[in-house]
Amino acid sequence: MSQSARPASDAPPPFDLGARLSRTPAASGDLTHRKLMPALYNLALGQLLPPEMAIVGVARTAWTDDEFREEMRVAVNAHSRSGEVDPDVWKGFARRLRYVTAGFDDPAAYETLRDLLRGLDDELGTRGNKLFYLATAPDFFPVIAERLGAVGLSGESDGNFSRLVVEKPFGEDLESARELNRRLEGVFREQQVYRIDHYLGKETVQNLLVLRFGNAIFEPLWNRRYVDHVQITVAEELGVETRGGYYDQSGALRDIVQNHIFQVLSIIAMEPPARFESRDVRDEKVKVLRAIPPITADEVDLVTVRGQYGEGYIGGKPVPAYRTEDGVAPDSNTETYVAMRLYIENWRWAGTPFYLRTGKRLPRRATEVAIQFKSAPHLPFADTAVEAVVPNQLTLRIQPDEGASLKFAAKVPGPQVDLRTVSMDFQYGSSFLKPSAEAYERLLLDALLGDSTLFARWDEVERAWEIVEELLKAWAANPIGEPNYEAGGWGPDAGDELLARDGREWRRL
Ligand code: BG6
162 MSQSARPASD APPPFDLGAR LSRTPAASGD LTHRKLMPAL YNLALGQLLP PEMAIVGVAR
222 TAWTDDEFRE EMRVAVNAHS RSGEVDPDVW KGFARRLRYV TAGFDDPAAY ETLRDLLRGL
282 DDELGTRGNK LFYLATAPDF FPVIAERLGA VGLSGESDGN FSRLVVEKPF GEDLESAREL
342 NRRLEGVFRE QQVYRIDHYL GKETVQNLLV LRFGNAIFEP LWNRRYVDHV QITVAEELGV
402 ETRGGYYDQS GALRDIVQNH IFQVLSIIAM EPPARFESRD VRDEKVKVLR AIPPITADEV
462 DLVTVRGQYG EGYIGGKPVP AYRTEDGVAP DSNTETYVAM RLYIENWRWA GTPFYLRTGK
522 RLPRRATEVA IQFKSAPHLP FADTAVEAVV PNQLTLRIQP DEGASLKFAA KVPGPQVDLR
582 TVSMDFQYGS SFLKPSAEAY ERLLLDALLG DSTLFARWDE VERAWEIVEE LLKAWAANPI
642 GEPNYEAGGW GPDAGDELLA RDGREWRRL
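Going left to right, the sequence shown walks through residues 162 to 670 as this note's numbering numbers them.
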């Protein structure tokens with residue numbers, strides 16, 4: 162197989178797209194260095210790549226094949242979960258690496274690439290199979306697809322495949338996403354397009370499916386009759402680091418909610434698929450999104466909260482306000498925190514609120530789903546010290562400290578009836594004693610194998626944009642005002658009030 166991956170480039174863009182080019186980490190080659198190449202190397206280390214495969218990097222930086230190999234060796238050493246490269250494995254891996262210096266808009270460059278790939282077919286026996294990975298600024302996605310098509314690289318014939326892996330962001334609102342999809346569709350069929358959402362590659366997110374559908378005890382309770390509400394949290398301690406330019410155009414709603422959180426939500430809420438296959442799983446996920454009514458302009462203030470961090474302290478160290486971060490406008494209106502309440506209008510979930518929250522510069526990194534069950538209907542403990550019991554809660558920890566725990570009431574030992582909440586805990590680390598693969602390893606392998614189950618289908622992406630379309634417009638029309646939470650705090654007070662109005666509170670993490 163031949164692949165196209167894009168390495169780092171500090172060189173100027175091939176044509177002037179101005180500041181928009183800084184809107185993705187991959188524009189600096191960061192993704193290839195930190196994630197893609199370490200993932201490919203770890204697949205090679207695990208002997209999961211076929212011997213007849215080449216990895217072709219394409220970027221504007223003028224590198225020879227050997228310079229590219231050396232750059233990638235340094236990157237893998239720095240970022241691979243398996244530590245320093247094994248010299249023997251690296252030798253075999255480095256032989257697969259090739260490099261083409263090219264501007265993404267340069268038609269001639271695609272002819273060079275096509276000829277190189279043909280040569281590799283003959284040399285390595287890759288049989289014309291190709292996987293193109295667009296780890297570039299999003300502005301380049303359509304032009305690259307079109308240029309690939311123009312030189313005949315998008316076609317599939319004689320059982321050979323040509324696939325396109327598209328990084329996020331897939332559009333910046335409903336209209337731009339539709340336009341991007343229209344242009345990709347002009348060249349690649351939907352079955353050839355793999356839209357990455359790296360949350361779907363996380364072991365713990367896949368485990369949500371196993372927990373729900375591989376056990377008999379949870380599913381009967383997994384509905385409006387027994388679940389009071391669900392909380393999904395993606396909390397980050399980090400700020401925007403070197404990505405201020407990208408993030409300031411994006412914000413937390415586009416960066417995390419519309420994709421990662423909605424994907425997790427659809428897995429948590431979906432009906433059991435008949436089979437764990439791409440079409441069945443994605444059909445069920447999109448039904449969940451379709452059952453969520455788009456947020457209307459009138460209800461924005463009632464069901465959503467946004468925030469932006471000011472200066473504060475994390476781990477005892479002072480951290481700057483969002484507006485003073487590199488690449489961020491000093492009067493920025495971009496939200497770094499979002500909380501919202503959604504309902505899924507179907508028989509399983511009608512009336513059960515789903516509360517979602519995400520934020521940067523919160524006190525700690527924690528991604529989790531908490532299923533809050535209803536209280537026991539009747540407490541038969543009259544004439545005892547027991548006045549109330551804490552309702553059961555199932556917490557699914559996606560990261561870090563991956564695992565799950567179930568809270569329930571237990572009797573405190575002694576002559577009286579007294580209850581206390583205890584928990585049953587499962588931890589990935591101690592149960593399996595082996596580290597999980599990185600999300601990108603799983604997703605790259607699946608894309609090579611042609612399994613699109615863990616990739617977002619166009620109808621899912623489109624519906625996710627539809628849900629937040631009016632919200633994006635309302636927020637754009639209405640400035641955020643002053644920063645409303647301190648770095649190192651749990652977000653604005655309004656985030657707590659959103660739940661307090663419903664008589665509930667966020668889980669303390
Ligand atoms: C990315 C966002 O998609 O996900 C980042 O662009 C965010 O802003 C990251 O930090 C979080 O991913 P993870 O795997 O660390 O939870």
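The beta carbon of each residue, even a glycine, is placed where N, CA and C say it ideally should be.
{"Check": "On a Cα-Cα basis, can you pick out the residue from Glu346, Ala458 and Ile216 that is closest to Leu605?", "Outcome": "Ile216"}
{"Check": "Round the Cβ separation of Leu369 and Ile429 to the nearest angstrom and send it over; I've been treating them as touching at under 8 Å.", "Outcome": "6 Å"}
{"Check": "Distance, Cα to Cα, Phe616 vs Leu325?", "Outcome": "12 Å"}
{"Check": "Given a cut-off of 8 Å on the beta-carbon distance, is the pair Leu295 and Glu328 in contact?", "Outcome": "yes"}
{"Check": "Quick one, which of Pro455, Ser323 and Pro268 has its alpha-carbon nearest Arg350's?", "Outcome": "Ser323"}
{"Check": "Is Asp416 near the ligand BG6, going by C-beta to nearest heavy atom under 7 Å?", "Outcome": "yes"}
{"Check": "Roughly how many angstroms separate the alpha carbons of Lys521 and Tyr483, rounded to a whole number?", "Outcome": "9 Å"}
{"Check": "Quick one: is the Cβ of Glu397 within less than 7 Å of any heavy atom of the ligand BG6?", "Outcome": "yes"}
{"Check": "Measuring straight from C-alpha to C-alpha, what distance separates Pro303 and Gln588?", "Outcome": "43 Å"}
{"Check": "So, helix, strand or coil for Ile475, using DSSP?", "Outcome": "strand"}
{"Check": "Nearer than 7 Å: is that true of the beta carbon of His240 relative to any heavy atom of the ligand BG6?", "Outcome": "no"}
{"Check": "Among Gly664, Arg525, Ala531 and Val466, which one has its Cα closest to the Cα of Met501?", "Outcome": "Val466"}
{"Check": "Asp226 and Arg259 - do their beta-carbons sit closer together than 8 Å?", "Outcome": "yes"}
{"Check": "Please work out which residues of its chain come closer than 6 Å, Cβ to Cβ, to Arg344, disregarding the five sequence neighbours upstream and downstream, and give them in chain order.", "Outcome": "Pro303"}
{"Check": "In angstroms with no decimal places, state the Cα-to-Cα distance between Trp251 and Phe593.", "Outcome": "28 Å"}
{"Check": "Looking at the structure shown, is Gly564 part of a helix, part of a strand, or coil, going by DSSP?", "Outcome": "strand"}
{"Check": "For the region 581 to 612, list the alpha helix (DSSP H) runs that are entirely contained and at least 4 residues long, ordered along the chain.", "Outcome": "589 to 593 and 600 to 610"}
{"Check": "Measuring only from the beta carbon, is Lys671 closer than 7 Å to any heavy atom that is part of the ligand BG6?", "Outcome": "Here the chain comprises residues numbered 162 to 670, so residue 671 is not present and cannot be evaluated."}
{"Check": "Using 10 angstroms around the beta-carbon of Val447, count the other beta-carbons present and answer buried if the total reaches 16, otherwise exposed.", "Outcome": "buried"}
{"Check": "When burial is assigned at 16 or more other CB atoms within 10 Å of the CB, is Trp619 buried or exposed?", "Outcome": "buried"}
{"Check": "From the DSSP output, which residues share a beta bridge with Ala500?", "Outcome": "Val466 and Arg518"}
{"Check": "With DSSP as the reference, label Tyr387 as helix, strand or coil.", "Outcome": "coil"}
{"Check": "Return the CA-CA distance between Arg184 and Arg415, expressed in angstroms with no decimal places.", "Outcome": "Residue confidence is low: Arg184 scores 30 on pLDDT, short of 50, so the model does not pin down where it sits. No coordinate-derived value is stated."}
{"Check": "By the DSSP assignment, the beta strand (DSSP E) with Val326 in it spans what residues?", "Outcome": "Ser323 to Val327"}
{"Check": "Can you list, in chain order, the stretches of the beta strand (DSSP E) that have 3 or more residues and sit fully within the region 285 to 324?", "Outcome": "291 to 295"}
{"Check": "Would you tell me roughly how many angstroms separate the C-alpha atoms of Trp636 and Leu503, rounded to the nearest one?", "Outcome": "17 Å"}
{"Check": "Between which two residues does the beta strand (DSSP E) containing Arg259 stretch?", "Outcome": "Leu258 to Thr262"}
{"Check": "Around the C-beta of Ser241, are 16 or more other C-beta atoms found within 10 angstroms, so that it is buried, or is it exposed?", "Outcome": "buried"}
{"Check": "In whole angstroms, what is the alpha-carbon distance linking Glu472 and Val489?", "Outcome": "14 Å"}
{"Check": "Run the CB neighbour count on Ser427, radius 10 Å, all protein chains shown included, and call it buried at 16 or more, exposed below.", "Outcome": "buried"}
{"Check": "Taking the CB atoms as reference points, tell me whether Arg373 and Arg509 lie closer together than 8 Å.", "Outcome": "no"}
{"Check": "Do the CB positions of Arg275 and Gly313 come within less than 8 Å of each other?", "Outcome": "yes"}
{"Check": "Where Ile559 and Tyr360 are concerned, what is the direct C-alpha to C-alpha distance, given to the nearest angstrom?", "Outcome": "9 Å"}
{"Check": "Can you check whether the CB of Glu623 is closer than 8 Å to the CB of Arg339?", "Outcome": "yes"}
{"Check": "At a threshold of 7 Å, does His359 count as lining the ligand BG6 (C-beta to nearest heavy atom)?", "Outcome": "yes"}
{"Check": "Using the beta-carbon count (16 or more within 10 Å), is Arg436 buried or exposed?", "Outcome": "exposed"}
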